[in-house]
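Following my numbering, the numbering of the sequence shown begins with 1201 at its first residue and continues without gaps.
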Amino acid sequence: MATQLFRKKLVSTILNDAERGLTDGHGHHEEMKRVLTVRDLTFFGIAAVIGTGVFTAIGTASFHGGPAVILLFAFTAVACGFAAFCYAEFASTVPVSGSAYTYSYVAFGEIFAWIIGWDLLMEYAIGNIAVAISWSQYFVRVLAGFHIHIPAWMTMDYSTAHKGFDNVMSALADGTGKTLNAIDVNLQNAYNAWQNAPAIGNFKLIINVPALLIVVLITYIVYIGIRESKKANNIMVMIKLAVIVLVIIAGAFYVDPGNWSNFMPNGFAGVMSGVSAVFFAYIGFDAISTTAEECKNPQRDLPKAMFYTLIICTVLYIVLVLVLTGMTNFSKLDVADPLAFVFQDQHSVVTNWIAGVISVSAIFVIASVLLIYQLGQPRIWMSMSRDGLLPKIFSRIHPKYKTPSFSTILTGFVVAVPALFLNLDVVIALTSIGTLFAFVLVCGGVLALHNKKEKPQSKFKVPYLNGKYIVPAMFIAAVVAIGMYAPEHFKNLFQKEGIPMLIFWIVAAIVTVLTFLKNFSLIPVMGLLSCFYLMSQESHTNWLRFGIWLIIGLVIYFTYGYRNSRLANRNEGEAAM
């Protein structure tokens, strides 16, 4: 059984199947439309990356880390850059839908492919729940600006309303004589939602209706075709870039360099506490690899689009953070709409007008992220279904629209229903750790690919830099530096919150030894270690939730996928050697 768990797919078999049109689990030779160019792919990447992270999460990260959060953005960009090299090589080697799932099938075998496919559900579907919730917040705020008010209990989740109600009650009872009107407006909304929600016995019905409706609309656009999705996305990306440029140029006139004087107010720990928020801002560049079968020239265009996306987004992020923290003191930025807030905080007619424009534009900007994630998840399921790990219906291609019809509808359902009830902070944390895990496996997959005796052909290769001495030197230097300047770090590893970091050091030591013994390439190793380090900055509760998620996935695999795998029923020499 152990051998069967690690049975691998051959690149040649994958490419032959794709050329023969085996894209439908029902035996129909339905091919998807190849209409995407490098410009379209770059726009898809920008649409996925610049969204909720900029319009929501960037404020929280700046609040905790101060202006120094630009260092975290730069480090995260480097980590994603290493991962992008690895994604680019795989996308060029295996230019089919499936992304990290297909890559892991080739490099590690079926059990890892299933794990990463299940993990990608966390990245795309659960990530889209976060995006839908964020979109809802902006949408409700914009409507309020036009004096259109949706009942508060229809605009948020149960947990937020309950927590807000408790906080308001505590504030009113603290003896300071506070009135409800003097309390933060967001807490007021949560309080009103709890107070006015319809009740069934002791249960309060509190749901996020706008989040549900936007998911339904975006799912429909994705369902009717890639060409229509491309047009809608390109328009939304142009709006998005225009808004970012407006914020940077207009905001530059209001920057006070004095706001940067307290560069790292909460120390290094404060900067790193924003890992989930900052990494969430980068999630998405890998999603374009799921559209490989709809690209005109995937082996050439996918690598280019990934690098263009990362470079453009990183430059915009760093400049944007500097403008935000320069316009307003970092301590004010823990708000749901930081881009609009910094202009409102200038208290002038012009800046209030700009804030309104930003809020309205955010509705379109965040919707573009929804579109990309809703585009990516059905194509992962389609690939898993082709391989027999999911029922055939998941790979059904619509005869008219040439899209994975059932998977698209199911994705809409999986995102829309939880978006009614879930809390934004929890969802963002789960999305970040899931995506980082995917990046770790892709970087490890490239190392496995490079050490194969017969390496598959690829139009793009990760530049080879021998890490034999560099990686051990960096590992030793890191241990010595921490021992000298932060000795308490190693003592904290055996506490509950230190367990993720302990796992990182164990993995780092193993990878360092293997790099020295096997002359591993430096870039994939650095990608693996940097992404794993970011994972280790997540709380132990996020690791626990992630572990439970993977266990549920393994139960599904062993009850269905293991027995129905195509590799289990074919003798084409694809079993693991």
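Glycine included, C-beta positions come from ideal geometry on N, C-alpha and C.
Item checked: Contact between the segment 1442-1451 and the segment 1640-1648 (3+ Cβ pairs under 8 Å) -> no
Check: In chain order, what residues of the same chain have a beta carbon less than 7 Å from the beta carbon of TYR1303, not counting five sequence neighbours either side?
Finding: Numbered from its first residue, the sequence shown carries residue 1303 at position 103. If we look at TYR1303 and ignore the five residues flanking it on each side, its Cβ neighbours are PHE1290, VAL1294, VAL1642, GLY1645.
Next item on the list: Have a look at the DSSP bridge pairing and note the partners of THR1355.
Entry: Here the question's residue 1355 lines up with position 155 in the sequence shown. In the DSSP output, where bridge partners are listed per residue, THR1355 has ASN1408.
Notebook entry, point to check: Can the beta-carbon of ALA1575 be found closer than 8 Å to that of ILE1326?
Noted result: Within the sequence shown, residue 1575 is the residue found at index 375, counting from 1. Within the sequence shown, residue 1326 is the residue found at index 126, counting from 1. Note on residue identity: the sequence assigns Leu, not Ala, to residue 1575. Not in contact: LEU1575 and ILE1326 (Cβ atoms no closer than 8 Å).
Check: Nearest CA to the CA of VAL1743: which residue from ILE1703, ALA1261, ALA1411?
Finding: Translated into positions along the sequence shown, residue 1743 becomes position 543. Per the sequence shown, the amino acid found at residue 1743 is Trp instead of Val. The option with the nearest alpha carbon to TRP1743 is ILE1703.
Item checked: Beta-carbon contacts of GLN1204 that lie in its chain and below 6 Å, excluding the five residues immediately before and after -> Sequence index remark: in the sequence shown, residue 1204 carries index 4 (1-based). Cβ neighbours of GLN1204 beyond the five flanking positions: none.
Check: CA-CA distance, ILE1633 and MET1582?
Finding: Within the sequence shown, the letter at position 433 stands for residue 1633. Within the sequence shown, the letter at position 382 stands for residue 1582. Looking at the two C-alpha atoms, the distance is approximately 23 Å.
Note to self: Check for me: the alpha helix (DSSP H) holding GLU1697 runs from which residue to which?
What the structure shows: The residue labelled residue 1697 in the question sits at position 497 within the sequence shown. From DSSP, GLU1697 is part of no alpha helix (DSSP H); its letter is neither H nor E.
Check: Can you name the start and end residues of the alpha helix (DSSP H) that GLU1323 belongs to?
Finding: In the sequence shown, residue 1323 corresponds to position 123, counting from 1. It is not in any alpha helix (DSSP H) - GLU1323 carries neither H nor E in the DSSP assignment.
Notebook entry, point to check: Do the segment 1662-1672 and the segment 1499-1518 touch if we need at least three Cβ pairs shorter than 8 Å?
Noted result: no
Next item on the list: Check whether the segment 1565-1573 touches the segment 1314-1334, counting contact only when three or more Cβ pairs, one atom from each stretch, lie closer than 8 Å.
Entry: Result yes; three or more Cβ-Cβ pairs closer than 8 Å.
Next item on the list: Classify PHE1541 as buried or exposed, calling it buried when 16 or more other Cβ atoms lie within 10 Å of its own Cβ.
Entry: Within the sequence shown, numbered from 1, the residue matching residue 1541 stands at position 341. By the neighbour-count rule (16 or more Cβ atoms within 10 Å), PHE1541 is buried.
Item checked: Inter-stretch contact (C-beta, 8 Å, three-pair minimum) for the segment 1518-1538 and the segment 1256-1266 -> Taking 8 Å as the limit for Cβ pairs, the verdict is that the segment 1256-1266 does touch the segment 1518-1538.
Margin query: Here's the rule I'm using: 16 or more other beta-carbon atoms within 10 Å means buried, otherwise exposed. How should MET1436 be labelled?
Written below: Against the sequence shown, residue 1436 aligns to sequence position 236. Counting Cβ neighbours within 10 Å, MET1436 comes out buried, since at least 16 surround it.
Note to self: I need the straight-line Cα distance from ASP1366 to TYR1391, nearest angstrom please.
What the structure shows: Numbered from its first residue, the sequence shown carries residue 1366 at position 166. Numbered from its first residue, the sequence shown carries residue 1391 at position 191. Cα to Cα, ASP1366 sits roughly 8 Å from TYR1391.
Margin query: Looking at the secondary structure, which residues open and close the alpha helix (DSSP H) in which THR1242 lies?
Written below: Within the sequence shown, numbered from 1, the residue matching residue 1242 stands at position 42. Here the alpha helix (DSSP H) through THR1242 covers 1238-1249.
Item checked: For PRO1604, the residue or residues it bridges with in DSSP -> Residue mapping note: residue 1604 aligns to position 404 of the sequence shown, counting from 1. Per DSSP, ILE1597.
Next item on the list: Starting from MET1684, trace the alpha helix (DSSP H) both ways and give me its first and last residue.
Entry: Counting from 1 along the sequence shown, the entry for residue 1684 is found at position 484. Note, MET1684: alpha helix (DSSP H), 1670-1685.
Note to self: Can you tell me whether SER1476 is helix, strand or coil according to DSSP?
What the structure shows: As a first step, residue 1476 must be located in the sequence shown, where it is residue number 276. Collapsing the DSSP output to three states places SER1476 in a helix.
Next item on the list: Grab the span of the alpha helix (DSSP H) containing LEU1641 for me, first residue to last.
Entry: Looking up residue 1641 in the sequence shown gives position 441. From DSSP, the alpha helix (DSSP H) with LEU1641 extends over 1624-1650.
Item checked: Alpha-carbon spacing of ILE1512 relative to GLY1727, whole angstroms -> Within the sequence shown, numbered from 1, the residue matching residue 1512 stands at position 312. Within the sequence shown, numbered from 1, the residue matching residue 1727 stands at position 527. About 20 Å.
Checklist line | Own chain, CB closer than 7 Å to THR1237, minus 5 neighbours either side, in chain order | finding: Position 37 of the sequence shown, counted from the first residue, corresponds to residue 1237. Closer than 7 Å at Cβ, skipping near neighbours: LYS1496, ASP1501.
Next item on the list: Quick one: grab the DSSP three-state call for ILE1383.
Entry: On the sequence shown, residue 1383 is found 183 positions in, with the first residue counted as 1. ILE1383: coil per DSSP, three-state reduction.
Note to self: Here's a check: name, in chain order, each residue in its chain whose Cβ is nearer than 6 Å to the Cβ of GLY1470, leaving out the five neighbours to either side.
What the structure shows: The residue given as residue 1470 occupies position 270 in the sequence shown. Hits under 6 Å: HIS1264, GLY1265.
Next item on the list: Compare the C-alpha of VAL1269 against each of LEU1649, SER1473, PHE1690 and name the closest.
Entry: Within the sequence shown, residue 1269 is the residue found at index 69, counting from 1. Put simply, of LEU1649, SER1473, PHE1690 the residue whose alpha carbon is nearest the alpha carbon of VAL1269 is SER1473.
Notebook entry, point to check: alpha helix (DSSP H) containing GLU1289: first to last residue?
Noted result: On the sequence shown, position 89 is the one that residue 1289 refers to. Per DSSP, the unbroken alpha helix (DSSP H) holding GLU1289 starts and ends at 1269-1293.
Check: Do VAL1755 and VAL1671 come within 8 Å of each other at the CB atom, strictly closer than that value?
Finding: What you label residue 1671 is simply residue 471 of the sequence shown in a count that begins at 1. What you label residue 1755 is simply residue 555 of the sequence shown in a count that begins at 1. No, they are not a contact pair.
Check: With DSSP run on the structure shown, which of helix, strand or coil describes LYS1666?
Finding: Counted from its first residue, the sequence shown places residue 1666 at position 466. One detail in the question is off: residue 1666 reads as Asn in this sequence, not Lys. Correct three-state label for ASN1666: strand.
Note to self: Which of the three DSSP states is assigned to PHE1403 in this structure?
What the structure shows: Counted from its first residue, the sequence shown places residue 1403 at position 203. Secondary structure of PHE1403 (DSSP, three-state): strand.
Notebook entry, point to check: Among LEU1372, PRO1578, VAL1550, VAL1478, which residue has its Cα nearest to the Cα of TYR1454?
Noted result: What you label residue 1454 is simply residue 254 of the sequence shown in a count that begins at 1. Looking at the Cα atoms, VAL1550 is the closest of the given residues.
Next item on the list: Kindly indicate the opening and closing residues of the alpha helix (DSSP H) around VAL1549.
Entry: On the sequence shown, residue 1549 is found 349 positions in, with the first residue counted as 1. 1549-1586 is the span of the alpha helix (DSSP H), which, as asked, contains VAL1549.
Item checked: Collapsed DSSP secondary structure at THR1223 in the structure displayed -> The residue you call residue 1223 lines up with position 23 of the sequence shown. Model confidence at THR1223 stands at a pLDDT of 46, short of 50, so the residue's coordinates are unreliable and nothing is read from them.
Check: Assuming ILE1723 contacts PHE1282 under a Cβ cut-off of 8 Å, what Cβ separation, rounded to an integer in Å, is found between them?
Finding: Start at 1 with the first residue of the sequence shown, and residue 1723 comes out as number 523. Start at 1 with the first residue of the sequence shown, and residue 1282 comes out as number 82. Rounded, the Cβ-Cβ distance is 6 Å, consistent with contact.
Item checked: Strand pairing of CYS1495, partner residues [DSSP] -> Counting from 1 along the sequence shown, the entry for residue 1495 is found at position 295. CYS1495 is bridged to LEU1236.
Item checked: Whole-number beta carbon distance between ALA1332 and ALA1257, since they are thought to touch under 8 Å -> Taking the sequence shown and counting its residues from 1, one reaches residue 1257 at position 57. Taking the sequence shown and counting its residues from 1, one reaches residue 1332 at position 132. Contact doesn't hold; Cβ gap of about 15 Å is too wide.
Check: Given that a residue counts as buried once 16 or more other Cβ atoms are within 10 Å of its Cβ, and exposed if not, what is TRP1353?
Finding: Against the sequence shown, residue 1353 aligns to sequence position 153. Answer is buried; the Cβ neighbour count reaches 16.
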